[in-house]
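Under mature numbering (1 follows the signal peptide of the UniProt record, and there is no 0), the letters of the sequence shown match residues -31 to -1, 1 to 204, in that order. Glycine included, every Cβ here is placed at the ideal spot set by N, Cα and C. Heads up, the thing below is written out as C-alpha cells.
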Amino acid sequence: MCVMSRSWIVRCPLVAPVAALLLAGCTAPSAPDQLSALPPGKFVRLPALQTRLDPAQLNHALLAAALFHETNRVRREHGLRPFRWLAPLDEAADLQANSIALDQTVSHINLFPALLTMSERLDRVGLPRGRAGENVAALPLLDVDSAHGIRITRRDDQSVAIDDATGRIGQPHTYASFAATALQAWMDSPEHRANILEREFASLGCSGRVMKRISSIEMIACVQVFYTSPSGRGR
C-alpha cells in the first residue's frame, strides 16, 4: 500500500504502446559533464548550485545531480556506502517525474500504459529487473514550509506566497537548498527513509520536473529510483 503524507511524498515497496513522439519528451536530458558522476567535493563547489530555480529554464541535469549528491551525503552521514550513479536510472526516474508533472498525481503508477510500473520503466531504459525501489514527491519550488500553511496574496501585481507561521515571503529555492529540502522531507517519512538507507541498494537515479501551478505555487515532481542488478552489483 502506498502512503501519502502532508508533504505529498509517496513510497511503495516495489521490486518489480506509447507513441515515440510522446516518449521522446519524457527522457532525461544528457549531461555532457556527467554532473552526478563528479566527486562530491567538486560538485558542491559548483556556483550553479546557488542559483535560484527558474521554472521556465530549469536545469534538469543539475537538479537530478543535486538530488543524487544530497542523497549520498545523507548516506555517508549514516555510515553507509554512497550510491553509484547509473544514467539509465536517471532516465527511469525522469519517466515517472514527467508522468507526475503531467497527471498532477503523486503516484508510482505512470500515466502511459507501457510504462505503468517501475519494472516496465526499468525495461524501457534497458536495465534487467533486479531489486528496486522508488521514492516520489511533489514539493514547492519556493522555500516555504507547507506544514505551516501558505497564504497567497498580491503584491506589486504579482502573486506571492507567505508562510503563515513566520510571515516570510517565499523565494525560489536554489538547486542546493531544494535538494536538501527534498531529502529532509523524505527522511522525515519512515518508508522513504528506509529506501534511502537500504544497504542492499547499490545505485541511484534522480529527476525533477516542474508541475502545473497548484494554488499559484509552482511545484516540482521529484523521483528517486534505487536499484541493484540481479547479479547483486550496481548494474
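In the pairwise beta carbon analysis, the segment 142 to 154 is classified as not touching the segment 66 to 74: fewer than three pairs are separated by under 8 Å. Rounded to the nearest angstrom, the Cβ distance from Gly136 to Ala62 is 36 Å, too far for a contact under 8 Å. The residue from Glu169, Asp132 and Cys191 with its alpha-carbon nearest to that of Phe147 is Cys191.
Rounded to the nearest angstrom, the gap between the Cα atoms of Gly177 and Arg162 is 19 Å.
Residue environment analysis places His38 among the buried positions, since at least 16 neighbouring C-beta atoms fall within 10 angstroms of its C-beta.
Restricted to the segment 36 to 111, the beta strand (DSSP E) segments that are unbroken, complete and at least 3 residues in length are 100 to 109, listed in chain order. Distances from the alpha-carbon of Arg90 to those of Arg14, Gln65 and Met180 put Gln65 closest.
Taking C-beta atoms as the reference points, Asp112 and Gly95 fail to come closer than 7 Å. The continuous alpha helix (DSSP H) containing Phe147 extends over residues Tyr144 to Met156. Contact between Arg42 and His142 fails: their C-beta atoms lie close to 17 Å from each other, not under 8 Å. If you ignore the 5 residues before and after Thr197, its C-beta comes within less than 8 Å of the C-beta of Gly99, Arg100, Ala101, Glu169, Phe170, Ala171, Ser172 and Gly203, all in its own chain and listed in chain order.
The Cβ-Cβ distance between Ile165 and Leu108 does not fall below 7 Å.
In the three-state scheme derived from DSSP, where H, G and I count as helix and E and B as strand, Ser176 is classed as strand. Comparing alpha carbon positions, the residue from Pro9, Ala25 and Ala6 closest to Met180 is Ala25. In the structure shown, Pro141 falls within a strand segment according to DSSP collapsed to helix, strand and coil.
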